[in-house]
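Taking the numbering used here, the leading residue of the sequence shown gets 3, the next gets one more, and so forth. Even for Gly, the Cβ is constructed at its ideal location relative to N, Cα and C. If you're wondering where the values come from, they're calculated on a predicted model, not measured in any experiment. Worksheet: the structure to be examined is printed underneath.
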Amino acid sequence: MHIDLRFLTLIAALFLGASGPVYSNYQIVSPTFAKQIAQPTITSLHQDSMRNLWIGTQEGLYKFDGSTLFRFQEARSKEGKVFFSDIRGISESNTGDILVAAYGIGLVSISLKNHAATIVSHSTNFDLTNITSVSKDETSQNWITTRTNVFKLKGTSKLVQVRTDALEQRNSFEIVSITHTQTGNTFIGGSFGLAKFFVSGNSFEKLSTAEIEQQIVAISEGPENSVIVADRTGQISKLSPDFGSTISRIELPEKYDIHIAKLLWIDNTLFVLTNKGIYIFASNLKLAEVIRAENTSLGNDSVMALLKTDSELWIGTYQGLYAATKIEMELHSAQSSGIHPEVLAFTKDSSGELWIGTYNGLFRLDESGFHERFDKGHQNALTDHRIMTLTTIGESIWVGYQEHGIDLIDTNSGFVERPLPTSSKSLAVTSILQSNSGHIWIATYNSGLYLLSNGVLVRDLSIDDASVTLVKEVSDGEIYAVSEKHIYRLSKDMSEFQVVDIKFDGLESAPRILALQSGAGGDLYIGTKDHGLFYVKFESDSESLSAMARAISKENSNTTAYSIEIDDLGRIWTATQKGILLFSPDKTPLRHFLVKDGLQGNDFNFAASFKDDDGNLYFGGVNGYNKIFPQDVSTEIKSPQLRVTSIKSQAIDVQTNFGSEKAEVHLKHDDMFIMFKFSVLDYIAHDSYEYRYRLLGLQEEWVYSGRDHSATYTNLPAGGYRFEIQATNLEGTWSTESSIVRVNVATAPWRTWWAYSCYLILILGVLGILRKLYDAISMKNKALEYAHEMSVAANLAENEMSEHLEFQRERSDAISSHFDERLKLQSDSAPISQSDCHTQSWLIASSLRVLDMYFSKVPMQRAVDLQRFVELAIGDICDSRKLKRTNVVSINKVEPLCIPFEQTPPMTVALYRSIWGSLSLVGKLETTDFFLEVDSNISEYMSGNSTFRACSSVAPVNPDLSTDFQLSALGDLDNAIGGLCEITFDPNQQKLEIHVFGPKPRVH
């Protein structure tokens, strides 16, 4: 007997119908930084004015600023450092400090700027060691509660006790809960019931409500100024604004063993924190959803704290911190749907019910939202539980296995059969396609591509690749087969598959191909491993087998595209190892979906996607699957809210909250470094953003830091700078807005204008002193120089005077010697006979007269130039002989050498006599023109041989000479020089030569 699957599903739905929704509207994730929290029991949560997240645990306090998790365990007090651990509450003071209720210690104040922690309660007279909470009302008044007292904090450290003596005081008196309403009221609850604060008496007074007699464990504001309270039995009541009656009771599904920790009224929604999860009630106080470990990823049902931020709910449990976000898609996981997490395939049968293939069996989702496993409860068991692909053909579901071929399931009867020959049982089936022509194509991972026609299974031999991962018919009827490296297209006559030569832009070799999908306008989308998504544009009716594939998004070029779907709006959805990427029809990035958006996980499985006839999309991954309604998904790209979280230098270490507004920081001249830390205000996916920064004034180019949250600069010169940061959004696009911090580096005191002015004055003063010193030294040097010059001049004058005196002495001696020689010569030359007396005396006197004439023309000389003397002698003899000087042509060959004074008289007398003798014949000749040649060879005389010649004639020849006269003259010369004379006469040339031998004369 065949059992209808729909009947079984209906029974399951009736049996489980009371359990509420099968999937949650919240996605629960554990942020990565939560793993750094040493103690997992979260007792309190708070977000400060600077958007930091504060987490209180049983073993300390933590602060997360988006990039760094700080831990606080000690505070300063009068006694020194005090360690605190058990955190019962967190609030913020009017001065911006964080107030922490640390049980066993008291009230701790933490500065947001420098993280300095101080115990406030030690400066008061009140004992706050059993502190239980710290909170702030609508007027920014901080309230502190202990187990038995209530205080108000005035200023930063003054505590004012609020009276509670009007309440019932019993041994078990205890204050358990406090709340503040938007209308300005403050309520406390505990063993005494419910009490309200009255300003007039600075006291709490009990509210008498007959319906509430049990101990109050939680209080919250409710709708329409009502108050919601919970007692220790788990009963929740809504009280009227005047507290005269109970408006309604709020029932929890669980009746027993439930403990309510807190009540929170947030955005017209009531959150009830219990030891069995979070119960969420709508504004009409009807139960909307339950968040617990069995239907979400919440790690523990004991919820102790809840914080609502702009986009998340932060949940503190007994075993860790979690974040919940509203999702825009359905999430089906093992916790929420009971399905095996490894989802690999989808199809819908002819009745519209969804079938899901997993790595551990086949499931069906009926209209009531429940999954049913197709297993041995049916008449036939499936051949394998590792399902790779599903395809609906008629009333049957074709199931392809990882190793055991194909099963066919009749959806009406549930009967399973094997449609292929026994030889095909080892096929690893990856894809099944029934084409428009009715042919069934089967792609396998180990045996290539097969065609099933009329019950006959035939392998297509036109494809050489044994591993065919996909066979697909695109919108225009073309059939493609995909292997890891090639794409094949079936020819028009269906005779063979032909390789499509696709060049991938920017890649040297073809990447591994994982997905193929067709779009509008003939576009073909190709998903690759590690290189992202490409598209190929084929012209309509084109039979070309070559094309260029271009990358759709360079920002996501390192992703692996496992599957591709095109929605009814033409948008491209791509499942990757980093979430789902959504692109517009013109390939513009629209959105990047992550776990926080409701995905089963960031990693998806190969070919695990499906689009149903209603346009809904399904994507399977390692933790279940998602059903997406494309028309309901927002595609608005939000620019990341970027901020500078802290600035640290050598002199400062401050926590900041600088966003897009311009901030400013000042550095001292001796600050050697400055470090910026920054983060996007997304505490769940903060590691999915990338950053770039620059410091204008030092660099113009952006520095790409990847996912690093910090930037450091060292040794900045004095001046003004502008630090800019940008971040990508989740789609990988850089934001156009920058977070800006102006940095002013002070000039060193020795480099300021007044310092330079002092330097100038100092330099001018030093230059003035140096100038005066220089002038003094210069004057001294000049005086010394003048003294030296005067001394030198004096020495020179003295030397010149000495030389002049010496010269005069020598000249006087020379003249004296000259005249001595002259007198001696005169006495020696006195004629022996009377006939020669007149002539010889006259010649000696005449030669001496010519010598005196010579000295008169060249005074101050101590020697006689014989050549010049000859000229003077010739002139004198011509005058005395009354001869015209123009008629005598003289040739003076006497060497121009100077003879000392003491030797000149006898030599000049000899010369004069010789010349006179030569010219004595002139008057006897008839001609009027005469030649006179006078020669001497002093060089030979200096070597011991001297020659004097004198001759005259009409022609340059020697006439007859008076031998006696000549000999007499030469005799005088011989006697004068004290040597021997040799006289030679050449009759052929009429030339008389006289050679004198004797001592060499001194020649100057």
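Inclusion of aspartate 710 and tyrosine 693 in the CB contact set at 8 Å is warranted, their separation being smaller than that value. Look at asparagine 625 here: in three-state DSSP terms it is coil, with no helix or strand label. Secondary-structure assignment with DSSP links serine 353 through no beta bridge to anything.
Residue environment for phenylalanine 86: buried (at least 16 other C-beta atoms within 10 angstroms of its C-beta).
Excluding the 5 residues flanking it on each side, valine 229 has same chain C-beta neighbours closer than 6 Å at Leu241, in chain order. Scanning Gly195, Gly157 and Thr148 for the CA closest to the CA of glutamate 170 turns up Gly195.
Where alanine 336 is concerned, the enclosing alpha helix (DSSP H) starts and stops at 336-339.
Taking 8 Å as the cut-off, the Cβ atoms of asparagine 894 and valine 936 count as close. The Cβ neighbour count for phenylalanine 536, taken over all protein chains shown within 10 Å, is at least 16; the residue is labelled buried.
Counting the other Cβ atoms within 10 Å of the Cβ of tryptophan 267 gives 16 or more, which makes it buried. By the C-beta density criterion, leucine 786 is exposed, having fewer than 16 other C-beta atoms within 10 angstroms.
In this structure, leucine 459 keeps its C-beta atom at 8 Å or more from the C-beta atom of alanine 483.
A Cβ-Cβ contact shorter than 8 Å links phenylalanine 678 with alanine 713.
A straight line joining the alpha-carbon of threonine 185 with that of aspartate 614 spans about 51 Å.
In the three-state DSSP reduction, histidine 806 falls in the helix class (H, G or I).
The bridge partners DSSP lists for asparagine 144 are Lys138 and Leu155. Beta-bridge annotation (DSSP): methionine 677 is paired with Lys650 and Thr714.
The C-beta distance from isoleucine 44 to threonine 319 rounds to 6 Å, short enough to meet the 8 Å contact threshold.
DSSP places alanine 168 outside both helix and strand once states are collapsed to three, so it counts as coil. In the structure shown, isoleucine 107 adopts coil according to DSSP, grouped into three states. Residue range 188-192 is occupied by the beta strand (DSSP E) that includes glycine 191.
Pairing arginine 887 with glycine 877 gives a Cβ-Cβ distance under 8 Å.
In this structure leucine 644 does not touch isoleucine 630 by the C-beta definition: roughly 29 Å separates them, more than the 8 Å allowed. The alpha-carbon of glycine 354 is positioned some 11 Å away from that of arginine 366.
Sequence-distant Cβ neighbours of aspartate 351 in its own chain, meaning closer than 7 Å and more than five residues away, are Trp357, Thr394, Ile399 and Thr413. Alanine 220 places its beta carbon 8 Å or farther from that of lysine 208. The shortest C-alpha to C-alpha distance from glutamate 897 to any of Cys880, Val890, Ser916 and Val872 is the one to Val872.
Selection Thr578, Thr561 and Asn560 evaluated against glutamate 567 yields Thr578 as nearest (Cα-Cα). Under the DSSP assignment, threonine 910 falls in the alpha helix (DSSP H) whose first and last residues are 906-921. Under the rule that a run must span 3 or more residues, the beta strand (DSSP E) segments found entirely inside the segment 412-491 read 431-436, 442-446, 451-455, 458-461, 470-475 and 481-485.
DSSP places alanine 875 outside any beta strand (DSSP E); the residue lies instead in the alpha helix (DSSP H), whose first and last residues are 868-883.
One Cα belongs to tyrosine 685, the other to proline 33, and the distance between them is close to 7 Å. The way I'd put it, the segment 334-353 doesn't touch the segment 303-314; fewer than three beta-carbon pairs between them come closer than 8 Å. A Cβ-Cβ separation of about 6 Å places glutamate 405 in contact with aspartate 386 under the 8 Å criterion.
By the beta-carbon neighbour count (other beta carbons within 10 angstroms, threshold 16), proline 907 is buried.
Here DSSP, grouped into helix, strand and coil, assigns glutamine 237 to coil.
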